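Student: The sequence shown runs 1 to 476 under full-length UniProt numbering.
For every residue, glycine included, the Cβ atom is placed at its ideal position computed from N, Cα and C.
All values derive from a computational prediction rather than experimental measurement.
Here it is: the structure, laid out below.
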Amino acid sequence: MSGDEIVVVPFPHPGHLFPAIELCLRLAQRNCRITLIQPTSSSSSPSSLHPLINTVHLPIPDSIRIDPSFVDTTSPKFLTDLLDHRRRSSSLPICAIIDEMVASLITPFVDFGVPAISFFTSSAISSALEHALSQIEPPDLTGVGPTAVFDVPGLPKEVALSAFDFAHLHSGGPPSFGGRRSRDGRPRRRRDVASTDGAVGLIMNTCVDLESPFLKYVARVAAKPVWAVGPLLPDLFWSALSGPVRDAAGAGRGGEYGGGGVSEAAVLDWLDSKPQGSVIYVSFGSLVSPNDAELEELAAGLEESGRSFIWAIKPDARQHEPDGRPIVSNGSGYSADEVEKRVQGRGMIIRGWAPQLAILSHSSTGGYVCHCGWNSTLEALGCGVPVLAWPIRGDQTYNAKLLVNQLRVGVSVRSAPGKAVSKAQVVQGIQKLMTDEDMRKRATSMRSIFAQELSLSSSAALNDFLDFLSSDRGKQ
């Protein structure tokens, strides 16, 4: 297929760009010619990593890059002009792979007769439960507490939907993206199989070994092929499984993180000084954060737990209320200065970017307090580290169900969905995380799924996808 072009259109945010780039590399390794559409200022480009990958830059200001509506309104003409040029100068692509966050961009390709594939960078469980929420007749929630659960036909009982899930669907609030209207009255963006109208198939950043029942559900309700080709993680991740390595954001053991003078050398040397499996790593990713009140409870819980910890605080992360509602502010104002002084030697605070893979893959790391973003979830599973699940919004809620209820490699920090986290819950959650040997063994066993860069099922799915493109079905 080296003469045929595949166009890949990711949602222009790092959490979506990175899996898209890994997908491009894996397709290029199978002799596919790839055109990747990405922001002009993006620092991530696979073009230098493989000669069959060409990058076309889409000018998107950094300040609005994570707003899907901007991409929806600016990209169609850009893509139409690109396709028109392709048709006049050479030939049209054999297909387009389009992030489901910008599903409206399927239309320009369909208009030119180019088959489109929807690309899901998150979990299959999130797609399955989003769809279920939008299809199931909502139960009567009168007098029902937020912990009440309702089974979903066709899905494991362990991941039943909660009253909280249904209540937020119809109030337009988080965690679901499936409601008809957001709080400002605009139509809400669907992140389930309903967003794949016009696509001839789905590519998902997961694998059968992790999410078989949810992949089967998605394939059934979508009534189109589903290829689970993940986990789409960088080479750095696979190297980390054999021992701590430097993260891409750093510059080796001498690289500094967080703008606070913390070097990777200092982080790894600090971890080297701790007993095996004794350190808790805390990070909520780069975009979201609990509010100041919950962060204070977290700090107090970490202090009272008596355990060693590394806490990565992202100053620009947007704070959220316990029920997932965003707080209108310019990032977190929380500093953790006081707790840092009181636990000197036992706790390390990194303000900004942290060498996450180096930390998770270190033998001293024994637990991960995590927002359950999908990339972080995959990294935790691959490194065999159990998770104290603290989801904040969107698919994180469903990923937490996968970890806690289905795979049983984590514990939930909240007593009930939408309720504020207390110091006592943090202490209790950390204690279970670090002492439940059965859970820890299950987490360790997850590493076998990641024993090779591409599992047999994922490799077969990628080959099936390419066979599909070559067949008459892929030309419909």
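1) From what residue to what residue does the alpha helix (DSSP H) around S134 run?
2) Tell me the rounded alpha-carbon separation between T55 and P10.
3) Hey, L52 and L232: beta-carbon distance below 8 angstroms or not?
4) Under the rule that 16 or more other beta-carbon atoms within 10 Å means buried, what is V328, buried or exposed?
5) Which same chain residues end up closer than 7 angstroms to Y217 when comparing Cβ atoms and leaving out the 5 residues on each side of it in sequence?
6) Output the distance between the C-alpha atoms of E211 and R88, rounded to the nearest integer angstrom.
7) Have a look at D81 and M101 and give me their C-alpha separation to the nearest angstrom.
8) Tell me the rounded alpha-carbon separation between I34 and P76.
9) Does the distance from the C-beta atom of L25 to that of I6 stay below 8 angstroms?
10) If contacts are defined as beta-carbon pairs under 8 angstroms, then V413 and L388 qualify, I think. What distance do you get, rounded to the angstrom?
11) Just to confirm the assignment, what range does the alpha helix (DSSP H) spanning F19 have?
12) So, does the stretch 429–441 touch the stretch 213–229, judging by three or more C-beta pairs under 8 angstroms?
13) With D151 and A163 assumed to form a contact (beta carbons below 8 angstroms), what rounded beta-carbon distance in angstroms separates them?
14) Determine the burial state of N399: buried for a count of at least 16 other Cβ atoms within 10 Å of its Cβ, exposed for fewer.
15) Since R318 and S283 are thought to touch, with beta carbons under 8 angstroms apart, how far apart are those beta carbons, to the nearest angstrom?
16) Evaluate contact between the stretch 308–316 and the stretch 345–353, counting only Cβ atoms and requiring at least three cross-stretch pairs below 8 angstroms.
17) So is R351 buried or exposed if we call it buried at 16+ other beta carbons inside 10 Å?
18) Who does H85 pair with in a DSSP beta bridge?
19) Going by other Cβ atoms of all chains shown within 10 Å of its Cβ, with 16 needed for buried, is K274 buried or exposed?
20) The alpha helix (DSSP H) with P108 in it runs from where to where?
Tutor: Considering the structure as presented:
1) Counting along the chain, the alpha helix (DSSP H) containing S134 begins and ends at A124 to Q135.
2) 12 angstroms
3) no
4) exposed
5) A128, G154 and L155
6) 43 angstroms
7) In this model, D81 and M101 are separated by some 21 angstroms (Cα to Cα).
8) Spanning the two alpha carbons is a distance of roughly 19 angstroms.
9) no
10) 5 angstroms
11) Looking at the sequence itself, residue 19 is Pro, so the reference to Phe does not match. P14 to A28 is the span of the alpha helix (DSSP H), which, as asked, contains P19.
12) no
13) Wrong, their Cβ atoms sit about 13 angstroms apart, outside the cutoff.
14) buried
15) In fact, because the Cβ distance is near 15 angstroms, the residues do not count as touching under 8 angstroms.
16) yes
17) buried
18) Answer is none; H85 lacks a bridge partner.
19) buried
20) I106 to D111
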